[in-house]
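Colleague:
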Amino acid sequence: MQEKVIITCAVTGNITKPEQHPGLPITPRQIAESSLEAAEAGASVVHIHVRDPETGRPSMKLEYYQEVMERIREKNSTLVINLTTGPGGRFIPSESDPKVAAPGSTLMLPEKRVEHITALKPDICTLDLNTMNSGGEVVINTPRNVARMARIIRAAGVKPEIEIFDSGDLRLAHDLIKDGVLEGPGLFSLVLGVNYGFGADHATMLYARNMLPQGAVWSAFGLGKHEFPMVAQAYLYGGHVRVGFEDNLFLSKGVLAPSNAALVVRARQIIEAIGGQIASTRDAREILGLRK
């Protein structure tokens, strides 16, 4: 097991709806404040999506990302900021002609999905490798488009966190590293509990961990009720952990977490109870090979 454990807090996400939780961060100010509260509770990395402040719906506007980053940096200079590049890969086939996108599809040029990364140069950004069913829709990340995004991220000097939803994603990651598109051994995040992807159980996590490149830094997280069991399991298998409103809204069955910070506190309690130590922001930067 690793000496110190990084807790990432995914503060708002892309799918969680405001009506599901009255405290879901929506505006750039709320997202930044929730990130800072999570850091005070023990998170050393915050994973950021942004929303339209008026509607609460997901957004990719550069100015929202910029405001979130500026507000965080005003108060905390070492917290690791991880911006998403996930939006822009969803396709909904129309009923009359499946090759035509129905309303709600978000497919866009891969270069558009990483414009904010080039402009803002966060410490980390996600890079999704999954092409999979997602409810009645499909998420599409073709190897060619992933490579186009990866090259732009690399040119910006940003470390990609490679998001893994199933075993085929890991095989693709190995090929991208072999081809020089991604730098090995890499930083990985195992996503457990998405329907039609990896299950959220110890056997699946072990299987996925054993497929990672030798020496890779990795974390894992479970969705919904699986969030806290996967916190413990990831630590025991040598990984880092993630919690937050993007993945789960509850402290226990039927009990809404009052804040992202409360989820971080619970994760910290679990890790410390089984012998782990929590990484500070400076520890995290050293573990992840980031500038101090």
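Position 212, counted from 1, in the sequence shown is what the numbering used here calls 1143; the numbers after and before it change by one each time, with no gaps. By construction, the Cβ of each residue, glycine as well, lies at the ideal position given by its N, Cα and C atoms. From a predicted model like this one, the values you see are computed outputs, not experimental measurements.
Which runs of the beta strand (DSSP E) at least 3 residues long sit entirely within the stretch 1042 to 1118? Give them in chain order.
Modeller: Correct list: 1055 to 1059, 1063 to 1065, 1068 to 1070 and 1090 to 1095.
Colleague: Between the alpha carbons of Gln1200 and Asn1191, how many angstroms are there, rounded?
Modeller: In the sequence shown, counting from the first residue as 1, residue 1200 sits at position 269. In the sequence shown, counting from the first residue as 1, residue 1191 sits at position 260. When rounded, the distance between both Cα atoms is 14 Å.
Colleague: Under 8 Å, with one C-beta from each stretch per pair, do the stretch 996 to 1007 and the stretch 972 to 988 reach the 3-pair mark?
Modeller: The stretch 996 to 1007 vs the stretch 972 to 988: in contact.
Colleague: CB Met1000 to CB Lys1043, shorter than 9 Å?
Modeller: Here residue 1000 is taken as the residue at index 69 of the sequence shown, counted from 1. Here residue 1043 is taken as the residue at index 112 of the sequence shown, counted from 1. The answer is no: Cβ separation not under 9 Å.
Colleague: Whose C-beta lies closer than 6 Å to the C-beta of Met932 among residues of the same chain, with five residues either side of it excluded?
Modeller: Counted from its first residue, the sequence shown places residue 932 at position 1. Within the same chain, Met932 has close Cβ partners Gly1169.
Colleague: For a test of the three-state rule: what should DSSP assign to Ser990, helix, strand or coil?
Modeller: Here the question's residue 990 lines up with position 59 in the sequence shown. Strand, per DSSP.
Colleague: Ignore the nearest five residues each way along the sequence and tell me which others in Leu1080's own chain have a CB closer than 7 Å to its CB.
Modeller: Stepping through the sequence shown from its first residue, residue 1080 is reached at position 149. According to the sequence displayed, residue 1080 carries Met and not Leu. Thr1016, Pro1041, Arg1044, Val1045 and Leu1058, listed in sequence order.
Colleague: Is it buried or exposed, Met1136, if we count other Cβ atoms within 10 angstroms and call 16 or more buried?
Modeller: By one-based count along the sequence shown, residue 1136 stands at place 205. Met1136 comes out buried.
Colleague: DSSP three-state call for Arg1216: helix, strand or coil?
Modeller: Locating residue 1216 in the sequence shown gives position 285, counting from the first residue. Looking at Arg1216 - three-state DSSP - the assignment turns out to be helix.
Colleague: Considering just the uninterrupted stretch of the alpha helix (DSSP H) at Thr1015, what are its terminal residues?
Modeller: On the sequence shown, position 84 is the one that residue 1015 refers to. No alpha helix (DSSP H) contains Thr1015, which DSSP labels as neither H nor E.
Colleague: Mapping DSSP to helix, strand and coil, what is Gln1200?
Modeller: Counted from its first residue, the sequence shown places residue 1200 at position 269. In this structure, Gln1200 counts as helix in the three-state DSSP scheme.
Colleague: Out of Leu1194, Ser1025 and Pro956, which has the shortest C-alpha to C-alpha gap to Glu1068?
Modeller: For the purposes of this step, residue 1068 is taken as the residue at position 137 of the sequence shown. Closest option to Glu1068, Cα to Cα, is Ser1025.
Colleague: Excluding five sequence neighbours on each side, which residues of the same chain lie with their C-beta closer than 8 Å to the C-beta of Glu934?
Modeller: Your numbering for residue 934 matches position 3 in the sequence shown. Excluding sequence neighbours, Glu934 sits near Gln1208.
Colleague: Between the C-alpha atoms of Asn1007 and Pro1034, what's the straight-line distance to the nearest angstrom?
Modeller: Looking up residue 1007 in the sequence shown gives position 76. Looking up residue 1034 in the sequence shown gives position 103. When rounded, the distance between both Cα atoms is 40 Å.
Colleague: Are three or more beta carbon pairs between the stretch 1151 to 1161 and the stretch 943 to 955 nearer than 8 Å?
Modeller: No, the stretch 1151 to 1161 does not touch the stretch 943 to 955.
Colleague: Thr947 to Ile957, Cα distance in whole Å?
Modeller: Numbered from 1 along the sequence shown, position 16 holds the residue referred to as residue 947. Numbered from 1 along the sequence shown, position 26 holds the residue referred to as residue 957. Going by the C-alpha atoms only, they are around 11 Å apart.
Colleague: Using only CA atoms, which one of Ile1108, Val1070 and Asp1106 lies nearest to Val1125?
Modeller: Residue numbering aside, residue 1125 sits at position 194 when the sequence shown is read from its first letter. Of the listed residues, the one whose Cα sits closest to Val1125 is Val1070.
Colleague: Could you spell out where the beta strand (DSSP E) holding Ile923 opens and where it closes?
Modeller: Any question about residue 923 goes unanswered here, given that the chain covers just 932 to 1223.
Colleague: Are the Cβ atoms of Phe1119 and Ile1083 separated by less than 9 Å?
Modeller: Taking the first residue of the sequence shown as 1, we reach residue 1119 at position 188. Taking the first residue of the sequence shown as 1, we reach residue 1083 at position 152. Result no, Cβ atoms of Phe1119 and Ile1083 do not sit closer than 9 Å.
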